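Chemist: Each number in the numbering used here comes from the position in the sequence shown (counting from 1) with 43 added on.
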Amino acid sequence: MFTTFAAVLGFLVVLAVVFYFIAHAVSGRGGAGENTQATQAADENIKPVGSVEVAGASSAAGGAASASPRSGADVFNGACMACHATGAAGAPKVGDKAAWAPRIAQGMDTLAQHAVAGIRAMPPRGTCADCSDDELKAAVEYMVGESK
Numbered sequence: 044m045f046t047t048f049a050a051v052l053g054f055l056v057v058l059a060v061v062f063y064f065i066a067h068a069v070s071g072r073g074g075a076g077e078n079t080q081a082t083q084a085a086d087e088n089i090k091p092v093g094s095v096e097v098a099g100a101s102s103a104a105g106g107a108a109s110a111s112p113r114s115g116a117d118v119f120n121g122a123c124m125a126c127h128a129t130g131a132a133g134a135p136k137v138g139d140k141a142a143w144a145p146r147i148a149q150g151m152d153t154l155a156q157h158a159v160a161g162i163r164a165m166p167p168r169g170t171c172a173d174c175s176d177d178e179l180k181a182a183v184e185y186m187v188g189e190s191k
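#1: Does the structure place the region 120 to 139 close enough to the region 165 to 177 that three or more beta carbon pairs sit under 8 angstroms?
#2: In terms of residue numbering, what span does the alpha helix (DSSP H) encompassing Met-186 cover?
#3: Would you mind working out which of Ala-148, Met-151 and Val-118 sits nearest Ser-175, comparing C-alpha positions?
#4: Under DSSP, the alpha helix (DSSP H) around Phe-45 begins and ends at which residues?
#5: Do Pro-112 and Ala-155 have their C-beta atoms within less than 9 angstroms of each other?
#6: In chain order, which alpha helix (DSSP H) runs of at least 4 residues are fully inside the region 119 to 181?
#7: State the DSSP-derived secondary structure class of Ala-98, mapped to helix, strand or coil.
#8: Below 9 angstroms between beta carbons: does that hold for Ala-134 and Ala-164?
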């Protein structure tokens with residue numbers, strides 16, 4: 044009886060191995076890297092259809108440093124206006140002489156330092172993380188000039 048069981052078990056193992064090789068040959072799937080055409084087709088299907096580029100932004104590292112510095116008015120209109128035109132979070136409005144007088148009395152260097160380091164509700168560099176110190180100082184000079 045044991046020899047019959049061993050013979051049937053051996054036959055089933057051989058049959059399983061044969062079926063494995065037949066299935067492998069019929070499926071057309073080879074080893075890793077053999078089906079490059081299907082891989083290329085899949086890559087083509089999932090690639091991005093476009094990209095986003097911000098006008099004036101450089102994709103190269105240090106691109107902002109090579110660009111010419113923005114004027115104080117440009118920095119104000121692009122970043123500072125959000126708070127200093129509306130008075131948000133207690134920011135002095137540009138043109139409000141009474142609000143700016145005590146600040147102007149502190150001196151331009153102090154005001155420029157506040158723009159760079161932040162003060163009270165104003166975060167460092169305001170909303171212009173990519174502004175240089177000179178651009179921030181120019182924006183402060185612009186706001187002071189409009190508020191005297």
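Backbone N, C-alpha and C fix where the C-beta goes; we use that ideal spot for every residue, glycine too. It should be emphasised that the depicted structure is a prediction, and the values quoted were computed from it without experimental measurement.
Modeler: Straight from the coordinates:
#1: yes
#2: As a first step, residue 186 must be located in the sequence shown, where it is residue number 143. 176 to 190 is the extent of the alpha helix (DSSP H) around Met-186.
#3: On the sequence shown, residue 175 is found 132 positions in, with the first residue counted as 1. It is Val-118 whose Cα lies nearest to the Cα of Ser-175.
#4: As a first step, residue 45 must be located in the sequence shown, where it is residue number 2. Element bounds for Phe-45: 45 to 70.
#5: In the sequence shown, the residue the question calls residue 112 occupies position 69. In the sequence shown, the residue the question calls residue 155 occupies position 112. Taking 9 angstroms as the Cβ cut-off, Pro-112 and Ala-155 do not qualify as a contacting pair.
#6: 124 to 127, 140 to 148 and 151 to 160
#7: Against the sequence shown, residue 98 aligns to sequence position 55. Coil at Ala-98, not helix or strand.
#8: The residue labelled residue 134 in the question sits at position 91 within the sequence shown. The residue labelled residue 164 in the question sits at position 121 within the sequence shown. Yes, they are a contact pair.
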